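So in our numbering, the last one in the sequence shown is 728, and the numbering has no gaps at all. Using N, Cα and C, we set each Cβ at its ideal position, and we do this for glycine too. What you are looking at is a predicted structure, and each value in this text was computed from that prediction instead of being measured. As structure tokens, the structure follows; a few thoughts come after it.
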Amino acid sequence: MKNEKFKEDDADRIIHSHVLYAMTGGAIPIPLADLAAVTAVQLDMLRRLAELYDVDFDKESARSLISAIVGATASKIGASMVKAIPGVGIIVGTGAQIILAGASTYALGHIFEVHFANKGDFMDVDTESMRHSYKDWLKKGQEYAKSLKKGGLDNENEFEENHEDSTHENESSREASSEKGEEQNDPFDDIRKLRELLDSGIIDKADFDKTKMEILERIARGK
């Protein structure tokens with residue numbers, strides 16, 4: 506069993522990488538697609554945190570809890586209609602959504618990290634208490650997301666490396682599922698592989714950004 510400090514470090518890496526995924530999802534200029542993409546990112550984050558802390562993951566329970574805890578924040582992330590308006594609305598709306606998507610994911614990740622570390626699972630969540638904790642973490646998350654956005658592409662390499670680390674944490678469990686005949690199709694791994702193509706010079710940055718956005722849009726549509 507992993508030392509608790511190592512688990513905490515791994516959890517922080519998982520949260521960090523998914524905050525950046527969510528910020529990318531928050532920039533999708535399609536009405537309501539950004540909300541779907543961010544929710545998909547948050548579900549994947551909770552799945553990975555659950556695996557780290559040996560908690561059984563239930564997708565529908567996790568989805569319901571995200572909705573119950575995030576609440577009004579989600580509706581603000583999903584306000585893509587602002588981004589669909591030509592001109593200034595696109596710029597202003599997108600910037601706000603990117604920060605909020607990252608902050609929401611940061612807050613959600615940390616409250617569940619604490620919950621799982623204290624031997625909690627998806628069946629014993631006190632949603633009212635979680636909402637209060639979420640609001641406190643959301644303020645920290647906004648500053649965190651702003652710093653990442655300000656750092657721009659400097660965080661991109663760290664983002665992909667951190668996600669690769671968290672992917673390796675769960676590699677054996679996915680291989681076991683694969684041996685049982687379960688189809689594995691992780692779009693987040695697709696983005697990591699896409700990064701490898703960029704690093705090797707097979708594709709350029711424009712192709713990388715375009716394809717990554719297409720993958721996130723596909724996640725948003727549930728395909």
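| So, are the CB atoms of D561 and D629 less than 8 angstroms apart? | With respect to the 8 angstroms criterion, D561 and D629 are not classified as neighbours on the basis of their beta carbons.
| According to DSSP, is F627 helix, strand or coil? | In the structure shown, F627 sits in coil (DSSP, three-state: anything other than H, G, I, E or B).
| field | Three-state secondary structure assigned by DSSP to F713 | value | Reduced to three states, the DSSP call for F713 is helix.
| request: Report yes if the CB atom of I604 is closer than 8 angstroms to the CB atom of Q547, and no otherwise. | output: Against a cut-off of 8 angstroms, the Cβ pair of Q547 and I604 comes out as no contact.
| If we ignore side chains and look at the alpha-carbon of each, how far apart do I571 and D704 end up? | The straight-line gap separating the alpha-carbon atoms of I571 and D704 is approximately 34 angstroms.
| In terms of alpha-carbon separation, which member of T610, K564 and K717 lies closest to I520? | When only C-alpha atoms are compared, the closest one is T610.
| query | How would you call K717, buried or exposed, if buried means at least 16 neighbouring beta carbons within 10 angstroms? | reply | Buried, since its Cβ has 16 or more Cβ neighbours within 10 Å.
| Quick one: what does DSSP say F562 is sitting in, helix, strand or coil? | Under the three-state reduction of DSSP output, F562 falls in the coil class, being neither helix nor strand.
| message | For M635, tell me which candidate among A573, K654 and D709 has the shortest Cα-Cα distance. | response | If we check each option's Cα against that of M635, A573 comes out closest.
| With a Cβ-Cβ cutoff of 8 angstroms, do L446 and A608 count as a contact? | This structure leaves residue 446 out entirely; the chain is present only between 506 and 728.
| query | If we count the other Cβ atoms within 10 Å of its Cβ and call it buried at 16 or more, is S522 buried or exposed? | reply | Label assigned to S522: buried.
| Are the CB atoms of E618 and A516 nearer to each other than 8 angstroms? | Contact flag set, yes.
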